[in-house]
Structures are given as C-alpha cells and as structure tokens.
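> So that we are looking at the same thing, I have put the structure below in structure tokens.
Protein chains: 2
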Amino acid sequence: MSRNPDNPYSKLERIFHEPARLIIMSQLLGTVDGVTFTDLRDACGLTDGNLSRHLATLERAKAIRIDKSFAGHRPQTTVCLSQQGRDDFMAYLQALEAVLLDAADKVAARQGRPASLRSLFGPRLARA
Amino acid sequence: MSRNPDNPYSKLERIFHEPARLIIMSQLLGTVDGVTFTDLRDACGLTDGNLSRHLATLERAKAIRIDKSFAGHRPQTTVCLSQQGRDDFMAYLQALEAVLLDAADKVAARQGRPASLRSLFGPRLARA
DNA sequence: ACAAAGGACTTTGCGGTGCAAAGCAAAAAA
DNA sequence: TTTTTTGCTTTGCACCGCAAAGTCCTTTGT
Numbered sequence: 077m078s079r080n081p082d083n084p085y086s087k088l089e090r091i092f093h094e095p096a097r098l099i100i101m102s103q104l105l106g107t108v109d110g111v112t113f114t115d116l117r118d119a120c121g122l123t124d125g126n127l128s129r130h131l132a133t134l135e136r137a138k139a140i141r142i143d144k145s146f147a148g149h150r151p152q153t154t155v156c157l158s159q160q161g162r163d164d165f166m167a168y169l170q171a172l173e174a175v176l177l178d179a180a181d182k183v184a185a186r187q188g189r190p191a192s193l194r195s196l197f198g199p200r201l202a203r204a
Numbered sequence: 077m078s079r080n081p082d083n084p085y086s087k088l089e090r091i092f093h094e095p096a097r098l099i100i101m102s103q104l105l106g107t108v109d110g111v112t113f114t115d116l117r118d119a120c121g122l123t124d125g126n127l128s129r130h131l132a133t134l135e136r137a138k139a140i141r142i143d144k145s146f147a148g149h150r151p152q153t154t155v156c157l158s159q160q161g162r163d164d165f166m167a168y169l170q171a172l173e174a175v176l177l178d179a180a181d182k183v184a185a186r187q188g189r190p191a192s193l194r195s196l197f198g199p200r201l202a203r204a
C-alpha cells in the first residue's frame, strides 16, 4: 500500500473502514437532526462501551458532533453528522464502490465476458 | 455488532476487510494459475514484509494456497486463490455491496428522492 | 426513608494486528 | 572474494476493537 499510494484502495480511510463505524456512519447518513446514544446503539446492534469508544474516535476525527443535554432529569447524548463528516464519508463510499467495480472487472475478465456489476452481484442493482 | 448479528455489516469478514488483503484478493481474483510473490507485491504496491504477513494470514484462513518452487536456482513463491477463498471473497464482496446500497438508500431517503446508486456515486455504474 | 434496580454512559484490560525495519540465505555482480 | 541484489521471513511496537467492569444518577419498591 505504501509504494503506489494512488490506487483506489489507499483512499479507504481507516476511520470509516471499521465495520462498527461503517454502520454508525450509515445510520447517521439518514438523519438530519442527529440520533440519541441509545437509539444509535440499538439501531447498530452495538454494546454501550463499543459505541462510546467509536463515537469518541469519530468525534476526534471531526466526523460527528456530540451534544450532551438532558431529557427530563436523565442525561441524553445526541450524535450528529458534521458537514465534513458527511463529505468525507461520501468520499469513502465512492472509494469503496471503486474497489467493488475493480473486483467485478477482474472476475468478468477472467470469465471472458464484459464487466457487469449486475450479473456479478445479483439483481439488486436493477433498482438503481 | 454483537446484539443483532443478522445485519449486512456483520457479514464483513475481517479476514478480507483489510485494505491490503482486499487488494491482494482482488488481484488474485483475475488470475487462473496464481501470481508470483514479487509480481503480487508490485501489483499491490506492498512492501515485502507486509505481503508476507498478509499472505500467511490468508493461507491460515485457507483462502489461498502458497506453492514454493524454484525458477532456475532462485526460490519462487506462487500464490493461488483456493476455491473456498474465491467463494468466500465473493460473498464478502456481496456484503460490501449491500452496505453500499444501504448507505445509498439512506442518502436518497434524506433527500426525499428514490434510491439510486447511479446518481449517488456517479456515472460509472452506467457500464453495468 | 432506605435499599435495590435500572438507565446512560465511560473507563479499563487485553488479545490481536498492521506496519516498518531488521534479518537471513542464496545468487549475481564487481 | 567482497559487495550488492533478490526473495523472502521475523521481530517489535504501537495502535485498536472488544467485552467487562465501573461510575453516577434516577426510579422503583417496601
């Protein structure tokens, strides 16, 4: 990875390339006003400790904002995607797509047929 | 990730989810008779040490076979995708695709337009 | 009023791993 | 013969994901 850092794989930002953070970011992608800690935990199927740690990591990278307030008398943490986080994550997703297309090409070439994501990965792309 | 292990993200096999191994497997996907250590190293842009370690990991997972022979008087390591490795990696790629589609849906929903991978990630998918 | 239970997180400990640098053995070059 | 190059493997360390434990407050019995 170090010798030619201009391939699509080198753009796979480590910060997002972790399954737990991938799912966190995907959840946040669908929101406008952020999500509470507990909702996010349940939606992602993560343990409290895990989510806490990953959120800290994402906050350090300025991908999210973490607002602490109260709901009634209980503490309530709200997680919100930052604009930079949204932009960076979209860039990461595009890099992922490039990786996928590259692999699809390889398989197609080996089988001597034209590259076709649909026939490689099934009919789901028909929706696009 | 531990609470509901039935989401597409939980299928992102760690063994393949490492950028270096992702590129290694993608390279192998295009081959029939395997690749030499040095060719693979150059194609992937990895250092010797790095490639060696990742190959050992992939071999332990039975994703590849490593054949050692001689070319003339020099040692020559040939790396070959196993059938299981090919199958498992294809499954991983499908999981990746599901993640991508999920994210695309989230973005589309937030913007109030129908899900469309093409418009999210650019025109490259038009080839499919 | 007091104790026990529950909620909302955070911190700790550790096993695993990616990476670069160093090491090694054989062959080719000088 | 000494040096350099080739073709790898091993070592060391710093980082990191994860589960378990801990903290602090609130609510619910009794």
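Sequence lines, in order, name chains A and B. Here the first sequence is numbered in our numbering, starting from 77 and rising by one per residue. Here the second sequence is numbered in our numbering, starting from 77 and rising by one per residue. Beta carbons are placed, not taken as given, at the ideal position from N, Cα and C, and that holds for glycine. Because the structure is a prediction, the values reported are computed rather than measured.
Count the CB pairs spanning the region 125-143 of chain B and the region 153-163 of chain B that are closer than 8 Å, and state whether there are at least three.
Contact holds: three or more Cβ-Cβ distances are below 8 Å.
> Between residue 178/B and chain A, is there a C-beta pair that is closer than 9 Å?
Yes, residue 178/B lies at the interface with chain A (some Cβ there is under 9 Å from its Cβ).
> Less than 9 Å between CB atoms is the rule here; does residue 115/B satisfy it with respect to chain A?
Closer than 9 Å: no.
> From which residue to which residue does the alpha helix (DSSP H) around residue 181/A run?
Start and end: 159-186.
> For residue 137/A, which option in 176/A, 187/A and 89/A has the closest C-alpha, if you only look at C-alpha atoms?
Cα-wise, what sits closest to residue 137/A is 89/A.
> With DSSP run on the structure shown, which of helix, strand or coil describes residue 113/A?
Residue state, collapsed to three classes: helix.
> Note down, in chain order, every chain A residue with its Cβ under 9 Å from the Cβ of residue 93/B.
Result: 93, 94 and 95.
> Assign residue 146/A to buried or exposed, taking buried as 16 or more other Cβ atoms, counted over all protein chains shown, within 10 Å of its Cβ.
Flag for residue 146/A reads exposed.
> So which residues of chain B does residue 108/A contact, with C-beta pairs closer than 9 Å?
Those within 9 Å of residue 108/A in chain B are 186.
> Cutting at 6 Å between CB atoms, please list the residues of its own chain near residue 119/A, excluding the five before and the five after it.
Closer than 6 Å at the Cβ level, and outside the excluded window around residue 119/A, lie 103.
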